[in-house]
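Report on the structure given below.
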Amino acid sequence: MNNDIDFLINALDEFGIISAGDDLIRDINRGELIEDFGSIKVPENESDKTLGKIESILLKYAKSPNESDFWSILRDRIIPPTYIEVLCLYLVSNEQFFTYGAKIYSILLGMEPCSKIWCPMLFAPILKTLITTQQILENGAQLNAQTKSQLNLTVSLLSNLAKAFSDNFANMIGDEVLIALSEIIMKLMLGFRVELDLYNDSIAKEARKIAEKIAKTNLDYLLTFIVPELLLGFAPNANSLTARIEKLRDRILDFTMSQLTPSDDRIVLICKHMMMRVPEKVHIKKSTAAIVYKLTKYSINSKQIIYFVLKLGKAAKINLRSFSSYLLQLYLVNISDLSPLFGDEAPEIVMQMANTIKNQLTDSAPTVRASSLDAVSSIIENLENNSFGIVIKNVIDSKGTLQSIFQKRIVDEKLVVRRAALQCLTQIVMSNARAISPVMIEMIASRVRDRAVSIRNMAVKSLCTAHSRFSDNKALNRAFIDSILPLILDTENSVQKEAFDAANNHIIGPLINGNDDEVQYFLPKMQVYHFNFMKDIFTYSKQKAISLKNTARALVKIAIRETDNIPVWKLVEKLTEVETSHFKVKEFYDLWNDKNSLPSEYFAILANLGCKSEEIKNDCIQMIGEEASQNSKKYGFITNLLQLLKIQDGSDNVWPDFISRYCTAINQCVQSTNINEIDLYNISTMIYVLGDVILASSKQKILNDYDFTGIKLLITEKLPNDVEIPNSVSALAVIALGKLCLAVKTVSNSFVSAFAHLLSSNTAGVAIKCNCLVVLCDLCVQYSAIVDPHIQLMTNCFADPSKIVRNQTIHIVTKLIVEDYLRMSSILFFRYIHAITDEDPSVSTFACNCLFNVILSKHENLIKEHFLEAILYFSREISLDTFTEIDSEKEKFQITDKSRRHLAYALMISRLDAVTSFKMVELLCQNVLNKFVKGEYSISKHSVILEDSIYSMIELEDKMKMSLEIEAISDNSVPDKIYESTKKVLTDIHNSMIRSVLPTLNSLHRLLREGNSPLQGQLKKFYQRVISKNKSLMDIIQKTEPILAIELQNEMEADAQEPDNDENETISEIPSTPKKVSFLFESQLLTKIATTPRSMLCTPKRGETNSNENSTNEQICVTPPRNQGVREFSTPPHDTSLLD
C-alpha cells in the first residue's frame, strides 16, 4: 500500500497539483479561476503509463477492506481527495487525457470520500460520453478504432458507476442528475444496430446493473423512461416489428416486471400510459397490445386494465379505438389464461369485450373497422379451443348479423378495410369444418376485380385456400375458374403471376401428374370463354419461357386415350394455337380415318398444326356440304372445318362455289311464295356457313358478283309474304350480313342504319340486338365515320328492357372507348351513371367496374368535368340545349327515384380525391347554389337540383373528412411528418374554400328559412360537418347569422353523445401524449449536455462579462461555488462538512 501511495503522491507532485496551493485548488473546483490551471500540467508524452497506474491503484482499493486505511494514510500525508478531483478536472479538459479523467473520476465516485469530491461539472463529461454512445447505438456507426475506444470507455464508466451507485449516491447527485442518468441508462439497454453487436450486450448488461440499483429506491424515475421504450421509441424509423426489436422490447419488459410485484398498482398505470400514448403505426400498436396483455396477465388488478380498454373502445380518438381492437383480440383469444382472475364476472367481461369488437365492425373510422376485422379473424382462428367460444360467437354473430356486416366491409371504400375483411373471410373458411356458403364464395370471388392490386392477389390466394378446404364444392369451383382465369389478362404482373400459379397448381399440374380427381373439379365446368383464358395462360407460359412440353404430352396422351373427353381436346386446341413444337403432326393425322368419332376440336388442332393433304381438303368440302344440307347447326364444328380447309392448297378456288351455292339456296327459300317458319329454320346452318365463307374468302372482289338479297331480307321482321322470321334466324343473318359489310364497304353504307334500327326496335329479340351491337362494334373499328351517326342509338341500349342487352352494350361501348374508337361525351357519361344504379345487381356491378376501374383510369378527370352537369341532367328541371336527345330518350334515362340518384352521386364522389372534393363543393356553391341566391333558380321549381346539390355537398364533406384523417393503414405507412404536413395543407385548403363560399351558404339559408323549406335541415347538416372540422367558423357565423349559430350550436350539442363519467375520470388520470419538443431528450439536463461540445463542458470561466447567449453553457460547464446552498443539477453541497 505504501508503494502505491508513494507513487500516487509523486505523480500528483510531478503534475504540479501539490505545489499549486489550496486556494488555487479550491478556485479550480469552484470554477472561479480567472486565467487557467496555473502550474498544473500533465506532460503530453510518457504520461499514459502514469495515469494508467493511478487508475489501477484506485480500482485496487475501491470497495476493498483496505480502502479506509488507504485514504487515512493520504490524509496523514496531507493529500486530500480534492487533489485527485483537480487532476480529473484537468484531464477531462484535455482531449488527449479525457479517457483517463473520466475513468478515474468514475472510480472515485465509488470510494469513501465521494461526497467530498462530487462535482457536477466533472460528472457532465461522463454523461456526455454516455450520450455519445447512445447516439452511436441508435444511429449506427462504422466500427473503427475511434468508435471502439468510445464504446470501451462507456463499458468501463458503466461498470464503475454500477459499483458506485447506492442510496447515498442517489441522494448525493440529486433529482435532476438522477433523472438524467435514469433516461440515458434505459436508452443504453437498447442498442440494436447489427454492426455494433460486439458491444450491444456488454453495454446493456452494465446499464441494467445501474438500472436495478436505481429501481430499488427510485423506480418511478425509471418508469418515466420505460414507457417510451416499451412503445418502441428506441427504433423510431422502423416500419415493422423485427425479431431484434422484439427481443430488445422484451428485455425492457422483463426488467420492468422484475421490479414490480403483481399487486403493484403501478402496473395499471404503466398500461394506461402505454394505451394513451400508443403511436398510429400498426406494428407499434400490435407490439404495445402484446405488452399490455402480458402486464394484464401478470397483474392481480387485471380487471382495472380491461375495463379501461373497454372504455377506450368507445373513445373519441380513432387511434385509441383502433388500438383497443388489437388488445381485445388478445384478451379474447387467450381468455382461458385470464378468466381465473375475473372470478364469477368472467362471462360478463367476455361478453362486453366481444360486443365492443362487434360494434367496431361498423365504426365510422376505416382503421377501427380494419383492426376489428383483424380481431375477429384471430378470434375465429382460435375459437374451437376457446373455453368461452360459444359465448363469443353468440355475441359477435348474434342473429347472423356478421354476414351482412361482411357484405358491406368487403366492398368498403378503404383498402385497409377490404383487406382485413378478406383476411377474416379466409380465416372463417379455414376454420369452418362443414361447408362454405354461397354468399361467402361470392364475397371472396368479387375481390378479384378489386381496384387494389394487393386485394386481387389476396383474393386469388383466398380462393385457392377455400378450394383446398372444400375441393368438391361445385359453386366454389365454378367461382374459381370464373374469377381467377380472367386475371391472366390483368395489367399488373404480380396478379398475372398469381393467376398463373393458381391455374398451374390446380388445373395444369393435376393434368400432368395424372390426378384425375382434381382435374374433374374444373374441366367439366369450363365454358368457351374459360378455354380462351387457358389459351392466355399458355401464352403467358411461353412469354415467361416456362416449358409447355410436359403439358402438351400429358394432354395428347389423355386426348388419344379418351376421345370423348371434350375439355381435354379443347385444351389441346388452345395449346396448339400458342405452341406447336411439342406436338407431332403425324400423331394426329393418323387419326383421320376415325374423324367421324372425334370431337370437332380435332379439326382445329390439325389446322393449328398446319396439316395438309388432298384427302383432308376433299373430305372437308364434303363434310361442310353435309352439315349445311342437314341443317345440323353444329356451328363450332363448321368453323373448325372451314379453318382446316382454309390452310389447304387450292382452297381459294373452293370459296366461289360455296358462296354461289348457298346464296342461291337462301335466295330461293326466302323468295318462295310457299315458305314457312320451318323452312327458314332449315336454312340456319347455310346462313352461318355463308357468313364464315365470306369472312374466309381472300378475294373480296368476287363478292360483288353475287346476290345477297336473301340475307338482307332475313334481318327484317317479316318476309314479303308476311311470314315472320324467327329471331334465331335473324340473329344469324345479322352476323352473316355484318361479315359481308366488313368485307365490302359499299354494303356497310347501306346496312349500318338497318342494324341501328334493330337496336331501337321493341320487337327485335335479345340475340338480334346483341349481334347488332357486335357488328356495329366491328364496323366502328373498321369504318368509324359510317357508324358515328348511330352511336346514340347504340348507347340507348343502356336502358334496354333486357339485362343481357344492357350488359352487352356496356361491354361493347367500354371496349370502343378504351380503344379510342369512341369519344367520351357528356351524354355517354350520363348513360353510365344510369347504368351504375341499374335495378339488376349484375348490370350495376358490371357498369361500376367498367366506369370506375376501366374508363376512369383512361379519363382521370371524367367525374370532375361532368359532375355538375349530371346533377342538372338527372333533375329534369332545366333543359340542357347542348344535349341532342329526343323526348323519349330523356324519359328513358330519367332517374326519378331519389335514392337511386343519391346512390349515383355517392358512387361518383367516392372516386374523388380530397383536393377535387374541395373544388367540387366550391363549384356547387358558385354555379348552382348561387343561382338560387340570385333568383335565376326557384326553390319551388328547382327543388330537385337544390336537394341533390346539398346532398352531394354533405357527401363531399364526409369524403374530405376521411381524407383529412391521418390513419396508419399499413406497416409501411408514410412517416408521421409527411402525414402531418399533408393534413395541414389539406386542412388549410379546405378552410379557405369554406370561408369563400360561406356568404353564399348564409344567403341560401335565409331564403330557405323565409320559404319555410324542409331543406333547411339538410343545409344545417352541411354546416355542422364543416364546423366540426374548424370551430372558428362558428365565430364567423355568429357575427353574420346569430340565430343560425345558436340553432347549430344546440343541434350539435344535442347530437353529441354524453360521455361516460367513469371513463372521463379514468382517462383523466393519464396524461395525453406529450407534444414533440425541440430538445433531444426528455431530461433537460441531458439535452443541455448533448448540445454542448465536450471541450466546453469543463472549461474554467475566463472572466465575468460573458454574454447572455452563452449563459446556458456556463451553467453546464462551471462548478458552482462551494458555499452555495443550492448547487447546479439540484445536487447537495460539494462537501457537506463546509455547511455544518
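Counting in the UniProt record's numbering, the sequence shown tops out at residue 1140, every number present.
By construction, the Cβ of each residue, glycine as well, lies at the ideal position given by its N, Cα and C atoms.
Being a predicted model, the structure only gives us computed values, none of them experimental.
Original post:
What number of angstroms, rounded off, separates the C-alpha of residue 221 from the C-alpha of residue 367?
Top reply: 35 Å
Original post:
When you compare only the Cα positions, how much space is there between residue 151 and residue 133?
Top reply: 6 Å
Subject >> First and last residue of the uninterrupted alpha helix (DSSP H) at residue 124 >> reply: 120-139
Original post:
CA-CA distance, residue 931 and residue 937?
Top reply: 6 Å
Original post:
What residues match up with residue 724 in a beta bridge as DSSP calls it?
Top reply: 718
Original post:
Enumerated in chain order, which unbroken segments of the alpha helix (DSSP H) with a length of 4 residues or greater are wholly contained in the region 355-389?
Top reply: 366-381
Original post:
Under a three-way DSSP split, which group does residue 1091 fall into?
Top reply: coil
Subject >> Span of the alpha helix (DSSP H), counted from its first residue to its last, around residue 799 >> reply: Per DSSP, residue 799 belongs to no alpha helix (DSSP H) and is neither H nor E.
Original post:
Would you say residue 1090 and residue 131 are within 8 Å of each other, going by their C-beta atoms?
Top reply: yes
**OP:** Return helix, strand or coil for residue 937, following the three-state DSSP convention.
**Re:** coil
Original post:
From which residue to which residue does the alpha helix (DSSP H) around residue 111 run?
Top reply: Premise fails: residue 111 is in no alpha helix (DSSP H) and is neither H nor E.
Subject >> Pairwise C-alpha distance: residue 1002 and residue 994 >> reply: 12 Å
Original post:
Pick from 751, 801 and 811: whose alpha carbon is nearest that of residue 790?
Top reply: 751
Subject >> Environment of residue 739 [buried if 16+ CB atoms lie within 10 Å] >> reply: buried
**OP:** Would you check if there are 3 or more beta carbon pairs closer than 8 Å linking the region 880-900 to the region 812-827?
**Re:** yes
Original post:
Are there three or more Cβ pairs, one per stretch, closer than 8 Å when the region 254-274 is compared with the region 224-242?
Top reply: yes
**OP:** Excluding the 5 residues preceding and the 5 following residue 1105 in the sequence, name in chain order all residues of the same chain whose CB lies nearer than 8 Å to its CB.
**Re:** Residue placement at residue 1105 is poorly supported in this model, since its pLDDT is 39, which falls under 50; the coordinates are not used for a value here.
Subject >> Rounded C-alpha distance that separates residue 959 from residue 423 >> reply: 26 Å
Original post:
Which class does residue 338 belong to by DSSP, given the choice of helix, strand or coil?
Top reply: helix
Original post:
Of all the options 702, 670 and 684, which has the alpha carbon lying nearest to the alpha carbon of residue 654?
Top reply: 702
**OP:** For residue 1062, I'd like the list of residues in its chain whose CB is within less than 6 Å of its CB, leaving aside the five on either flank, ordered along the chain.
**Re:** The pLDDT assigned to residue 1062 is 37, lower than 50, so where the model puts this residue is not dependable; a value taken from the coordinates is nonetheless given after this. Counting only Cβ-Cβ distances below 6 Å, and skipping sequence neighbours, we find nothing.
Subject >> Inter-residue Cα distance where the pair is residue 997 and residue 920 >> reply: 12 Å
**OP:** Indicate the three-state DSSP secondary structure (helix, strand or coil) for residue 630 in the structure shown.
**Re:** coil
Original post:
Does DSSP put residue 848 in a helix, a strand or coil?
Top reply: helix
**OP:** State the Cα-Cα distance for the pair residue 1135 and residue 172, rounded to the nearest angstrom.
**Re:** Any reading at residue 1135 is ruled out, since the residue's pLDDT is 35, under 50, leaving its predicted position unreliable.
**OP:** Kindly list the residues whose CB is nearer than 8 Å to the CB of residue 756, restricted to its own chain and excluding five residues on each side of it in sequence; keep chain order.
**Re:** 772, 776, 790, 793 and 794
Original post:
Taking just the CA atoms, how far does residue 1012 sit from residue 1047?
Top reply: 15 Å
Original post:
So is residue 198 buried or exposed if we call it buried at 16+ other beta carbons inside 10 Å?
Top reply: exposed
**OP:** Compare the Cα-Cα distances from residue 1041 to each of 689, 1004 and 395 and report the closest residue.
**Re:** 1004
**OP:** Would you be able to state if there are at least three C-beta pairs under 8 Å between the region 238-255 and the region 283-297?
**Re:** yes
Original post:
What's the call for residue 309, buried or exposed, on a 16-neighbour Cβ count within 10 Å?
Top reply: buried
Original post:
Is residue 399 helix, strand or coil when you go by DSSP?
Top reply: helix
**OP:** Compute the Euclidean distance between the alpha carbons of residue 594 and residue 571, then round it to the nearest angstrom.
**Re:** 20 Å
**OP:** Determine the burial state of residue 427: buried for a count of at least 16 other Cβ atoms within 10 Å of its Cβ, exposed for fewer.
**Re:** buried
Subject >> Cβ pair residue 845, residue 903 closer than 8 Å >> reply: no
**OP:** Tell whether a beta-carbon distance below 8 Å holds between residue 419 and residue 849.
**Re:** no
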